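Worksheet for the structure shown next.
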Amino acid sequence: MPPDRFRQTAGTEDLVLSQFNTKISNHRFCRHCGIHTFDNPRSAPDMVSINVNCLDDFDPDTGTFAVDVFDGRNWEDAFAARQGKI
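Residue 1 is where the sequence shown starts when you use our numbering, and the numbers rise one by one after that.
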(Lines of atoms letter the chains of each structure in order from A; the text may use other names.)
(Lines give C-alpha, C1' and ligand atoms only; values in the text may rest on other atoms or scores of the structure.)
Protein backbone atom coordinates (compact mmCIF):
# COMPACT_ATOMS: atom_id res chain seq x y z
CA MET A 1 0.00 0.00 0.00
CA PRO A 2 1.13 3.60 -0.41
CA PRO A 3 2.78 4.95 2.75
CA ASP A 4 0.17 7.70 3.10
CA ARG A 5 -2.49 4.98 3.62
CA PHE A 6 -0.45 3.19 6.32
CA ARG A 7 -0.83 4.15 9.96
CA GLN A 8 0.83 2.24 12.76
CA THR A 9 -1.31 2.70 15.85
CA ALA A 10 0.80 0.98 18.52
CA GLY A 11 3.98 -0.92 19.25
CA THR A 12 6.58 1.24 17.53
CA GLU A 13 8.93 0.85 20.48
CA ASP A 14 8.65 -2.95 20.21
CA LEU A 15 9.93 -3.15 16.63
CA VAL A 16 13.46 -3.63 15.37
CA LEU A 17 14.65 -2.76 11.87
CA SER A 18 16.53 -5.29 9.78
CA GLN A 19 18.13 -4.67 6.41
CA PHE A 20 19.83 -7.21 4.20
CA ASN A 21 22.41 -7.13 1.41
CA THR A 22 21.46 -4.07 -0.69
CA LYS A 23 19.73 -2.33 2.25
CA ILE A 24 16.99 -1.14 -0.10
CA SER A 25 14.21 -2.80 1.89
CA ASN A 26 13.37 -2.07 5.53
CA HIS A 27 11.99 -5.07 7.44
CA ARG A 28 10.44 -4.57 10.87
CA PHE A 29 10.19 -7.40 13.37
CA CYS A 30 8.76 -7.65 16.89
CA ARG A 31 11.66 -7.65 19.37
CA HIS A 32 9.70 -10.01 21.66
CA CYS A 33 8.29 -12.74 19.41
CA GLY A 34 10.18 -12.18 16.14
CA ILE A 35 7.13 -11.89 13.85
CA HIS A 36 7.71 -9.93 10.65
CA THR A 37 5.22 -7.07 10.97
CA PHE A 38 5.68 -4.87 7.90
CA ASP A 39 8.32 -3.64 5.49
CA ASN A 40 9.21 -1.51 2.52
CA PRO A 41 9.99 -4.34 0.08
CA ARG A 42 12.93 -4.23 -2.30
CA SER A 43 10.52 -4.81 -5.19
CA ALA A 44 8.60 -1.64 -4.23
CA PRO A 45 10.63 0.37 -1.68
CA ASP A 46 8.20 3.29 -1.91
CA MET A 47 5.33 1.07 -0.67
CA VAL A 48 4.47 -0.68 2.61
CA SER A 49 3.88 -4.43 2.78
CA ILE A 50 1.98 -5.62 5.87
CA ASN A 51 1.77 -9.05 7.47
CA VAL A 52 -2.01 -9.61 7.70
CA ASN A 53 -1.49 -11.56 10.93
CA CYS A 54 -0.65 -8.22 12.56
CA LEU A 55 -3.95 -6.57 11.65
CA ASP A 56 -6.53 -6.27 14.41
CA ASP A 57 -9.54 -6.52 12.10
CA PHE A 58 -8.50 -9.28 9.67
CA ASP A 59 -8.88 -13.03 10.18
CA PRO A 60 -6.83 -15.01 7.63
CA ASP A 61 -9.06 -18.04 8.24
CA THR A 62 -12.19 -16.25 7.06
CA GLY A 63 -10.89 -13.27 5.06
CA THR A 64 -10.75 -13.07 1.29
CA PHE A 65 -7.34 -12.43 -0.24
CA ALA A 66 -5.08 -13.43 -3.12
CA VAL A 67 -1.80 -15.28 -2.73
CA ASP A 68 0.96 -14.55 -5.23
CA VAL A 69 3.75 -17.12 -5.36
CA PHE A 70 7.22 -15.59 -5.64
CA ASP A 71 10.55 -17.43 -5.95
CA GLY A 72 12.63 -15.69 -3.28
CA ARG A 73 15.58 -18.01 -3.81
CA ASN A 74 16.00 -16.64 -7.34
CA TRP A 75 14.82 -13.14 -6.49
CA GLU A 76 16.35 -11.18 -9.38
CA ASP A 77 14.95 -13.51 -12.08
CA ALA A 78 11.56 -13.81 -10.36
CA PHE A 79 11.25 -10.03 -10.04
CA ALA A 80 12.25 -9.49 -13.67
CA ALA A 81 9.70 -12.11 -14.77
CA ARG A 82 6.98 -10.43 -12.72
CA GLN A 83 7.81 -7.11 -14.39
CA GLY A 84 7.66 -8.72 -17.84
CA LYS A 85 11.39 -8.28 -18.46
CA ILE A 86 12.07 -11.97 -19.11
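Glycine included, every Cβ here is placed at the ideal spot set by N, Cα and C. Keep in mind it's a predicted model, so treat the numbers as computed, not measured.
In this structure, His32 places its C-beta atom within 8 Å of the C-beta atom of Asp14.
Just so you know, the alpha carbons of Phe70 and Val16 end up roughly 25 Å apart. Its Cα nearest to that of Ile24, the residue Ala44 stands out among Cys54, Ala44, Trp75, Asp68. For Asp77, no beta strand (DSSP E) segment is defined; the enclosing uninterrupted segment is the alpha helix (DSSP H) at 75–82. Nearest C-alpha to Thr12 among Asn21, Met1, Thr37, Arg5: Thr37. Its chain contains Ala78 as the residues whose beta carbon lies nearer than 8 Å to that of Gly72, once the 5 sequence neighbours on both sides are disregarded; these appear in chain order. Collapsing the DSSP output to three states places Cys54 in a helix.
Per DSSP, the beta-bridge partners of Arg28 are Leu17, Phe38.
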